[in-house]
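Q: Take a look at this one; I'll ask things after.
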Amino acid sequence: MENEKSCQEVCTEEPRILEEFQVEELAIDGICGVY
Amino acid sequence: MQLHPACRVRQEGFGLLFYDSRGPRLLFVETGDLLTPEFFSGDEPVDNRLARIAPASRARVLGLLAKLSEKGYLREQQIC
Amino acid sequence: MSNRYVEMGLKAPVNLTWEVSLACNLRCSHCLSSSGEPAHGELSREEALDLVEQLHRNQVFQVNFGGGEPFMRPDFEEILDACHQRGIMTCISTNGTLLDEARVARLAKSRLVAIQVSMDGATRETCDAIRGRGVYDKAIEAIRLLAATRIPTSINTVLTTQNAGEIPAMYEMAKSLGVSLRVSRFRPSGRGADNWEELRPTPAQLLAFSDWLAKSGDVRTGDSFFSLTSQERQGLGLNLCGAAKLTCCVGPTGNMYPCAFLQTDRFKAGSLREQSFKEIWDESEIYESFRNLRIHSCEECTRFDQCHGGCPAVAWHLKNDISGGDPECLERCVTSIADANRAAKAA
């Protein structure tokens, strides 16, 4: 009974899906190369 | 679907690195080895390119394309 | 915004500075490279074109050309064309004196070139005092020619004590000419080191400039002022040194360095006559040391996240310590002024 209950708890848990790619933007301006 | 002419992309260990000379700015995208720069070149329709992506990843790739388009990294497409 | 992707290390620089020659027809008093005569053994045309091919294979996005005066090299336009044919973007730092209508028309054929013309004052008097008699007028003429094309054009000004009061006027001048303004940091390298005490901006001038920059979002700084960056300008550029992480420098003879302001034997990363570009980028111990650089003395500062210790090149030139922390950062400017005020009161 307890095993069934814990199985239910596990099975009803929503899988976590990574929906988006990690994206980061960085503004630059020549990186000290335009002087 | 192509990159805007002012933009470039190359592969890095974490995924893709985009460069936009108009900013200038860099965009780091953690796609791992899922996408290559070639995905963003050529005249092939997007659907065909997506068909080569694992089904479980297509939604994420579409989301990325939307983000790239919104940020101006993709060339404007003429709709006939 | 984290810098974690930068810290992870890239397989090639994003851009690099290439000083194609030390030859220059001017003798500016602040020149970082002490330009004038060509260096002994500068890269040949073939070596230069081979480097372009290597940069292409390594997918470097952009080359920032400087010198000396790049157009003093007879083959410079050929080097540019080689870059553009491979899709490499370029930005040329020029004094403008060798730009005529024909040359500008040739340059305008490419969509991959940007040009910045150096000027160091809003007035003929201030500019020519640093750059030489007649340079102001020639630079303005070059800017007018460029502004009539679609070439992205900017004026570049190195901030000195002599022109610090003219920066707002330079901004207006750039606007009236239809170009943008970039203000770069003066560093004690080359003739800049020889004339450092005479030309360096004072702490008060640096602070005033930082305040003005905070209100001037469309003024560029070439990422050179991150040690002064106010909160308002966060997100407009780098907040750390990009040497050996995002960028590097190629000197006229094919030596590679972390940046243009550390072109000395002590910081030579390698020679393109002995190794490939890729080998030097991947294996240089000098580059490795810059990638691992930690400026511990600055870590407790409230501004650390905004500058990460500032410019190591200036720290090296002024304190002989690459990891000593930027001597001209915002905090140190504020402290320096406070100390001076206290001393004045006590006197």
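Top to bottom, those sequences are chains H, D and S.
Once you know that position 1 of the first sequence is 1 in my numbering, the rest is easy, because the numbers rise by one and skip nothing.
Throughout, my numbering is defined as the position within the second sequence, counted from one, plus 35.
Throughout, my numbering is defined as the position within the third sequence, counted from one, plus 115.
Cβ atoms here follow ideal geometry from the backbone N, Cα and C, with glycine treated the same way.
Using only the alpha-carbon positions, how far apart do residue 357 of chain S and residue 462 of chain S sit?
A: 43 Å
Q: Could you pull the start and end residues of the alpha helix (DSSP H) that residue 307 of chain S belongs to?
A: Per DSSP, the continuous alpha helix (DSSP H) segment holding residue 307 of chain S begins and ends at 306 to 309.
Q: Exposed or buried, residue 354 of chain S, counting other C-beta atoms within 10 Å across all chains shown (16 or more means buried)?
A: buried
Q: On the DSSP letters alone, give me the boundaries of the alpha helix (DSSP H) that residue 398 of chain S sits inside.
A: 392 to 398
Q: Take residue 125 of chain S as the anchor and find which of S:363, S:369 and S:417 has the nearest alpha-carbon.
A: S:363
Q: Since residue 98 of chain D contacts residue 19 of chain H with CB under 8 Å, what's their CB separation in whole angstroms?
A: That belief holds up - the Cβ atoms of residue 98 of chain D and residue 19 of chain H are roughly 7 Å apart, short of 8 Å.
Q: Could you name each continuous beta strand (DSSP E) segment of 3 residues or more that falls completely within the stretch 264 to 305 of chain S, going from the start of the chain to the end?
A: 268 to 273 and 295 to 299
Q: I want to verify the contact list: residues of chain D whose CB lies under 7 Å from the CB of residue 120 of chain S, in sequence order.
A: 49 and 63
Q: Report all residues from its chain with a CB closer than 7 Å to the CB of residue 41 of chain D; omit the five preceding and five following residues, and keep chain order.
A: 55, 56 and 57
Q: Find the residues of chain S that neighbour residue 45 of chain D, judging by a C-beta separation of less than 7 Å, and give them in chain order.
A: Going along chain S in sequence order, the residues near residue 45 of chain D (Cβ under 7 Å) are 174.
Q: For residue 448 of chain S, does the three-state DSSP call read helix, strand or coil?
A: If DSSP states are grouped into helix, strand and coil, residue 448 of chain S belongs with the helices.
Q: Could you check which residue in S:444, S:438, S:328 and S:206 has the C-alpha nearest to that of residue 229 of chain S?
A: S:206
Q: Using a Cβ-Cβ distance cut-off of 8 Å, determine whether residue 206 of chain S contacts chain H.
A: Yes, residue 206 of chain S counts as interfacial toward chain H.
Q: Taking 8 Å as the CB-CB cut-off, is residue 123 of chain S touching chain D?
A: It does; some Cβ of chain D falls within 8 Å.
Q: Residues of chain H with a CB under 8 Å from the CB of residue 183 of chain S: which are they?
A: Simply none; closest approach about 12 Å.
Q: Hey, how far is the Cα of residue 406 of chain S from the Cα of residue 130 of chain S?
A: 16 Å
Q: Closest Cβ-Cβ distance between residue 377 of chain S and chain H: below 8 Å?
A: Output row for residue 377 of chain S: interface = no.
Q: Residue 72 of chain D CB to nearest chain H CB: under 8 Å?
A: no
Q: Tell me, please, whether the CB atom of residue 273 of chain S is closer than 8 Å to any CB atom in chain H?
A: yes
Q: Per DSSP, what kind of secondary structure is residue 119 of chain D in: helix, strand or coil?
A: Lying before the first or after the last residue shown, residue 119 of chain D is absent from chain D, which here runs from 36 to 115.
Q: Between residue 54 of chain D and chain S, is there a C-beta pair that is closer than 8 Å?
A: The beta-carbon of residue 54 of chain D is placed less than 8 Å from the nearest beta-carbon of chain S.
Q: Compare the C-beta of residue 23 of chain H with all C-beta atoms of chain D and state if any pair is closer than 8 Å.
A: yes
Q: Give, in chain order, every residue of the stretch 79 to 96 of chain D whose Cβ lies closer than 9 Å to some Cβ of chain H.
A: 91, 94, 95 and 96
Q: Measure how close the beta-carbons of residue 274 of chain S and residue 268 of chain S come, nearest whole angstrom, since I'm counting them as under 8 Å.
A: With 8 Å as the limit, residue 274 of chain S and residue 268 of chain S do not qualify as a contact, their Cβ atoms being about 20 Å apart.
Q: Using the three-state DSSP reduction, which class does residue 124 of chain S fall into: helix, strand or coil?
A: coil
Q: Is it the case that the stretch 246 to 254 of chain S contacts the stretch 296 to 303 of chain S, given that we only count it when at least three CB pairs across the two stretches are under 8 Å?
A: no
Q: For residue 227 of chain S, tell me which candidate among S:214, S:178 and S:191 has the shortest Cα-Cα distance.
A: S:178
Q: Excluding the 5 residues preceding and the 5 following residue 450 of chain S in the sequence, name in chain order all residues of the same chain whose CB lies nearer than 8 Å to its CB.
A: Around residue 450 of chain S: no qualifying Cβ.
Q: Once you ignore the five residues that flank residue 188 of chain S on each side, which residues in its own chain have a CB closer than 6 Å to its CB?
A: 135 and 136
Q: So, under 8 Å CB-CB, residue 441 of chain S and residue 422 of chain S are touching, yes? Tell me the CB distance rounded to an integer number of Å.
A: Contact check for residue 441 of chain S and residue 422 of chain S: beta-carbon distance about 7 Å, within the 8 Å limit, so the pair qualifies.
Q: Where do the ends of the beta strand (DSSP E) carrying residue 317 of chain S lie?
A: Looking at the DSSP string, residue 317 of chain S is not in any beta strand (DSSP E), and its letter there is neither H nor E.
Q: I need the boundaries of the beta strand (DSSP E) containing residue 348 of chain S, first residue and last residue.
A: Note, residue 348 of chain S: premise wrong, no beta strand (DSSP E); not H, not E.
Q: Per DSSP, which one or two residues make a beta bridge with residue 136 of chain S?
A: Under the DSSP definition of a beta bridge, residue 136 of chain S partners with S:182.
Q: Checking contacts by CB at 8 Å: is residue 330 of chain S closer than that to chain D?
A: no
Q: Taking contact to mean at least 3 C-beta pairs separated by less than 8 Å, is the stretch 81 to 88 of chain D in contact with the stretch 136 to 154 of chain S?
A: no
Q: Apart from the five residues just before and just after residue 378 of chain S, which ones in its own chain have a Cβ nearer than 6 Å to its Cβ?
A: Non-local C-beta neighbours of residue 378 of chain S in its own chain, meaning closer than 6 Å and more than five positions away in sequence, comprise 366 and 372, ordered along the chain.
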